[in-house]
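Novice: Protein sequence lines correspond, in order, to chains A and B.
Using my numbering, you'd call the opening residue of the first sequence number 26 and step up by one each time.
Using my numbering, you'd call the opening residue of the second sequence number 1322 and step up by one each time.
Glycine included, every Cβ here is placed at the ideal spot set by N, Cα and C.
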Amino acid sequence: MSGSNPPAGRRAPFATDWGMRIFGILIIAYLAYASTQLDLGLGRFINGLGEGGRFIARLFPPNFERWELLLEGLLESIQIAVLATVGGIILSLPLGLMAARNIAPWWVSGPTRAFIAVCRSLHYVIVAIIFVKALGFGALAGIAALIIASIGFVAKLFAEAVEEISMKQVEAVRSTGASGMAVLLYAVLPQVASRFVGFGLYQLDSNLRNSTLVGVVGAGGIGGTLFAAFKRFDYDFVSAILIAIIALILLAELVSGRIRAAMR
Amino acid sequence: MSAALDIRGLTKEYVAGKPVLRNLDLSIGAEGITAIIGPSGTGKSTLLRCINRLVEPTRGEIRLRSAEGSIDMAKLSGRALRLARRRIGMVFQEYNLVERLSVMENVLCGRLGYVPLWRAWLRKYPDQDIARAFQLLDAVGLPEHATRRADALSGGQRQRVGIARALMQKPDLLLADEPTSSLDPRTSVEVLEMLTTLAGAEGVPVIINIHNVALARRYARRIIGMSGGAIVFDGKPEDLEDSHLTQIYGGEDWL
Chain A
26 MSGSNPPAGR RAPFATDWGM RIFGILIIAY LAYASTQLDL GLGRFINGLG EGGRFIARLF
86 PPNFERWELL LEGLLESIQI AVLATVGGII LSLPLGLMAA RNIAPWWVSG PTRAFIAVCR
146 SLHYVIVAII FVKALGFGAL AGIAALIIAS IGFVAKLFAE AVEEISMKQV EAVRSTGASG
206 MAVLLYAVLP QVASRFVGFG LYQLDSNLRN STLVGVVGAG GIGGTLFAAF KRFDYDFVSA
266 ILIAIIALIL LAELVSGRIR AAMR
Chain B
1322 MSAALDIRGL TKEYVAGKPV LRNLDLSIGA EGITAIIGPS GTGKSTLLRC INRLVEPTRG
1382 EIRLRSAEGS IDMAKLSGRA LRLARRRIGM VFQEYNLVER LSVMENVLCG RLGYVPLWRA
1442 WLRKYPDQDI ARAFQLLDAV GLPEHATRRA DALSGGQRQR VGIARALMQK PDLLLADEPT
1502 SSLDPRTSVE VLEMLTTLAG AEGVPVIINI HNVALARRYA RRIIGMSGGA IVFDGKPEDL
1562 EDSHLTQIYG GEDWL
């Protein structure tokens, strides 16, 4: 085509987004300000690298001599993770249904959502500290903390899954004269069951990871062993523990990945 | 024959002051197919959904009569409403089967209003319910599909399951909301044929919302024309003329 555009004035093909530009400038300014506040100089970094090198050197070779202690901690972590996941899932099922705004009345879903939000709002390590203070040292505090974390995750995602279901299927079952519970059983749960199992498996994965940390604050599991080894500068034992944790997590991801694939 | 359904002064306003149904009066006989035709958005679906209270009517009386007595659907709530819904079967445009459940489970949904919850949960339905479900699956031509998942079926097959589910309730009234609008022409005829035959055999009156005027003429013994939330034609199919269709749908170029 020949250039038959009107010569007068260039037409802007895209709108200028001033809001975005100002936002970008503000972010850059804040980054510059924050990094000067925190003493992040290059010298400090290079100095740190040297320390890191010495630390890494002391990690090797890993020392598996105290494998019984290691295994004991690991098994306790697994128990904490499994119990917390099962407990959390059992509680998440009704909570998730109660929090779904399409099937629960607002005066049920509102408070339930608030409760789930509280469960999510605190990091599980902080929750673990609270439970250690309340229930005393040991696995019970870790389990309780991870149950709270599991509710925060599984119940929230489950409620969202329930809110995405097809209400047509619900309507059809309701129109047969089915009771509320029967509608849940026949129209709601079949639509979300497989996703719920998926959330549960994912939570088991992340609880395994989390259960290795709650021990640091005294809530049971391998974390306690790890923290003690750090404090005693037993870095070769530390590396043995880290390797064991990595192996456990990789194994768990492998297994749950297989289960998820089989369910599809 | 006495009326199975008596609607008096039914009004539905989704938004106050903007009625979708305007003071509707309608009596449906105790048997046969009644077709409701009318443009989209004229309240046909709302009318059907008011009858089984999937939609809350704003005003009016919806009296359902049967051997079990006469009740005003518009007044019910809670348990009484659930018990009344059992007497009304419904077939949907998009079948509305529970996709993740098997065909048999979907058909047995029609008994959920009758069996105790634990039986429904454990799939321990009474033998006569199972027998009737198989009988209905045979009748709708799906004898081999009982254990297949509903989402594995074709559209026509799904609607047959939908019909079986509705009849499983042993309803006193069957509502069909655009049952053939998602189906191809041939399947539409097959499904309507089946609906007519089975409902006739069970002696259940059917109210059917339908866009296809030719199909309405072919299967209904009575046609209701709706426009703007009111009934503008009510008569036998052979009395429905082009002038009525113009009145119902507006315009005339499409005729």
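Could you please tell me which residues of the stretch 1381-1412 of chain B, in chain order, have their CB closer than 7 Å to any CB of chain A?
Specialist: 1403, 1404, 1406, 1407, 1411
Novice: Please go through the same chain and pick out, in chain order, the residues whose beta-carbon is closer than 8 Å to the beta-carbon of residue 1408 of chain B, but skip the five residues on each side of it.
Specialist: Non-local beta-carbon contacts of residue 1408 of chain B in its own chain, meaning distances under 8 Å to residues more than five positions away in sequence, involve 1385, 1387, 1389, 1490, 1492, 1493, 1494 in chain order.
Novice: Tell me the residue span of the alpha helix (DSSP H) that contains residue 257 of chain A.
Specialist: Residue 257 of chain A -> no alpha helix (DSSP H), and no H or E assigned at all.
Novice: Please compile the residues from chain A whose C-beta is within a distance smaller than 8 Å of the C-beta of residue 1490 of chain B.
Specialist: Within chain A, the C-beta atoms nearer than 8 Å to that of residue 1490 of chain B come from 201, 202, in chain order.
Novice: Let me know the secondary structure DSSP gives residue 1413 of chain B once reduced to three states.
Specialist: coil
Novice: Nearest by alpha-carbon distance to residue 109 of chain A: which of A/171, A/49, A/48, A/121 is it?
Specialist: A/171
Novice: Please check the pair residue 201 of chain A and residue 1431 of chain B, which I expect to be a contact at CB under 8 Å, by giving their CB distance rounded to whole angstroms.
Specialist: Contact holds; Cβ gap of about 5 Å.
Novice: Using C-beta distances below 7 Å, list every residue in its chain close to residue 153 of chain A, excluding the 5 sequence neighbours before and after it, in chain order.
Specialist: 166, 167, 170, 239, 242, 244
Novice: Closest by CA to residue 1401 of chain B, which one among A/204, A/216, A/220?
Specialist: A/204
Novice: Give the secondary structure of residue 87 of chain A by DSSP, where H, G and I count as helix, E and B as strand, and everything else as coil.
Specialist: Note: residue 87 of chain A maps to coil in three-state DSSP.
Novice: Which residues does DSSP list as the beta-bridge partners of residue 1530 of chain B?
Specialist: B/1357, B/1498
Novice: Against chain B, with Cβ distances strictly below 9 Å, would residue 129 of chain A count as a contact?
Specialist: Judged by the 9 Å Cβ criterion, residue 129 of chain A is not in contact with chain B.
Novice: Tell me the DSSP secondary structure of residue 1352 of chain B in three-state form.
Specialist: coil
Novice: Using the Cα positions of residue 1395 of chain B and residue 144 of chain A, report the straight-line distance between them to the nearest angstrom.
Specialist: Whole-angstrom Cα-Cα distance: 43 Å.
Novice: Let me know if residue 137 of chain A comes out buried or exposed under the rule of 16 or more other beta-carbons within 10 Å of its beta-carbon.
Specialist: Result: buried.
Novice: Tell me, please, whether the CB atom of residue 1341 of chain B is closer than 9 Å to any CB atom in chain A?
Specialist: no
Novice: I need the DSSP call for residue 1344 of chain B, collapsed to helix, strand or coil.
Specialist: strand
Novice: Looking at the structure shown, is residue 1404 of chain B part of a helix, part of a strand, or coil, going by DSSP?
Specialist: Note: residue 1404 of chain B maps to helix in three-state DSSP.
Novice: Name the chain A residues that come within less than 9 Å of residue 1430 of chain B, Cβ to Cβ?
Specialist: 197, 198, 201, 203, 207, 211, 212
Novice: How is the beta strand (DSSP E) around residue 1391 of chain B delimited, first residue to last?
Specialist: 1390-1393
Novice: Give the residues of chain B in contact with residue 194 of chain A, contact being defined as C-beta atoms less than 8 Å apart.
Specialist: 1417, 1418, 1419, 1420
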